[in-house]
Each structure stands twice: as C-alpha cells, then as structure tokens.
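Heads up: the sequence shown at position 4 corresponds to 136 in my numbering, and the numbers run straight through without jumps.
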Amino acid sequence: MDIYQALRENVFKLVAFEEEEWKDFISYWRPVHIKKREYIIKEGQTEKYFYFVYRGVLRGYTTKDGDEISIGFTYDGDYSGAYDSFLAQQPSDFSMQAITDCELLRISYTDLMAMFDKYKSAERWGRIFNANILIGMARRQLEVRSFSAEERFERLATQSPHILQLVPQKYLASYLGMTPETFSRLRKKR
C-alpha cells in the first residue's frame, strides 16, 4: 500500500469523502522523509504542519530542569506534530523528534483550514479527529492521576504491546512517570 492509500484508509475510517473532494484534499498533502534524531518541531517553534505517519516512530517530549520528559509517541498510521501549537498557531511547549527514519505526509495549516472551509466532509473529519484527541487526553490524564506505576505499565503493555519493541526503554519509562529501573523490573515481571 502506498503512502496516499494509507492516508485514505485512515481518513475514511472516520468520514467518507466524495471522490472529487478526496482528490482535491489529498493534493495538498506532501511527502516528507525525516531521518532518525531529526525534529519536525522544536519546543518554542510554532507548528506549521499536520503530519500523517506512514512509517516510523516519533517522540514528543518537553524539557524540565534539563531532563527530557516523554509525553507521547506516534507511529505507523498515526497523526503527528504539536497539534495544540498547530491549531492555535502559537509556540509549542514540546518537541517532536524521530526515533527512527520516518516517511510522513504533511499538510500546512493554511491548506487544512481551507479544506475545512471548502468541504463539509473535511470539516467533519476534523471535528471527529478533535473529539478523539480530547477523549485520548482525558484517558491519559486519568492514568497519570489515578493509576499506579504498575497499572500504567500494564495498560501500555496491553493496549500497545508493539510500542515496547519500537521505543527505547528510557523514553517509555519517562512517559509512564517512572525510573528506567522500575520499568525494567516491571517488564521482567511480565
């Protein structure tokens, strides 16, 4: 499956476009290749693009007192970027860095907003996407606030087992709010 077909399947899971609308919509997405350790955005920059990850893994992180704190990961079939910065067109509070070489599609803020205005199906897709983001954020907040370290690890290992193979242990430990040693101990217990 090529990169544009992968995006189509992902988008059509939420909203089916008319064929002419889809052709126009997809014409604004551009392929981008990012090498391991390169950034699509750094903390303090304003996100100009919204990304679809065809292949690869990216990590979102912020820095506090010189330490990197992982806040999320995106991989094949996900959307990526500093979405809050993208929507608000204000500086990002975090960076997005490639953990592996990545093949992405991206669309600019101006073009995506124009598509929302032009096509009801694009606007509906954006609305459903935003709702899904809010649901995910609420679930993540619940995990961080009320789950033990072991419960957070088990939930990650159960819901996204592939991530244990894709992402270095130190980044996963940071994401789960634990030391790499605790993460290693929990992984061995499993």
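Glycine included, C-beta positions come from ideal geometry on N, C-alpha and C.
Worksheet item: Does the distance from the CB of residue 316 to the CB of residue 153 come in under 9 Å?
Response: No, the Cβ-Cβ distance between residue 316 and residue 153 is not below 9 Å.
Worksheet item: Since residue 213 contacts residue 203 with CB under 8 Å, what's their CB separation in whole angstroms?
Response: Not quite, the Cβ-Cβ distance comes to about 13 Å (not below 8 Å), so this is no contact.
Worksheet item: Which residue's Cα is closest to the Cα of residue 165: 231, 237, 155?
Response: Minimum Cα-Cα distance from residue 165 among the listed residues 231, 237, 155 corresponds to 237.
Worksheet item: Which one of 196, 243, 150 has the shortest CA to CA distance from residue 219?
Response: 243
Practice prompt. Find out if the Cβ-Cβ distance for the pair residue 170, residue 229 is shorter than 9 Å.
Written response: yes
Worksheet item: Leaving out five residues before and five after residue 168 in sequence, what residues of the same chain have Cβ atoms less than 6 Å from its Cβ?
Response: 230, 232, 233
Fill in: beta strand (DSSP E) runs wholly inside the stretch 169-252, at least 3 long, in chain order
171-173, 181-187, 189-196, 199-207, 227-230, 234-240
Practice prompt. For the beta strand (DSSP E) containing residue 163, list its first residue and its last residue.
Written response: 162-166 is the span of the beta strand (DSSP E), which, as asked, contains residue 163.
Worksheet item: Within this structure, are the beta carbons of residue 144 and residue 251 separated by less than 9 Å?
Response: no
Worksheet item: Measuring CB to CB, does residue 299 end up less than 9 Å from residue 226?
Response: Contact: no.
Worksheet item: Going by C-alpha distance, which of 258, 160, 309, 268 is nearest residue 279?
Response: Among 258, 160, 309, 268, the Cα nearest to that of residue 279 is on 309.
Item to complete: With residue 304 as the anchor, note down where its alpha helix (DSSP H) starts and where it stops.
Response: Per DSSP, residue 304 belongs to the alpha helix (DSSP H) from 301-308.
Discussion item. In the DSSP assignment, the alpha helix (DSSP H) including residue 156 goes from what residue to what residue?
Written reply: 151-158
Worksheet item: Among residues of its own chain, excluding the 5 on either side of residue 248, which ones have a beta-carbon nearer than 6 Å to its beta-carbon?
Response: 254, 255, 258
Practice prompt. Rounded to whole angstroms, what's the CA-CA distance from residue 208 to residue 142? Just pull it up for me.
Written response: Their Cα atoms are separated by approximately 11 Å.
Discussion item. At the level of alpha carbons, what is the spacing between residue 136 and residue 261?
Written reply: 18 Å
Practice prompt. Kindly indicate which residue of 302, 177, 263 has the alpha-carbon position closest to the one of residue 146.
Written response: Of the candidates 302, 177, 263, 263 places its Cα closest to the Cα of residue 146.
Discussion item. Here's a check: name, in chain order, each residue in its chain whose Cβ is nearer than 6 Å to the Cβ of residue 186, leaving out the five neighbours to either side.
Written reply: In the same chain as residue 186, and ignoring 5 residues on each side of it, the C-beta atoms closer than 6 Å to its own belong to 135, 138, 235, in chain order.
Worksheet item: Is residue 311 helix, strand or coil when you go by DSSP?
Response: coil
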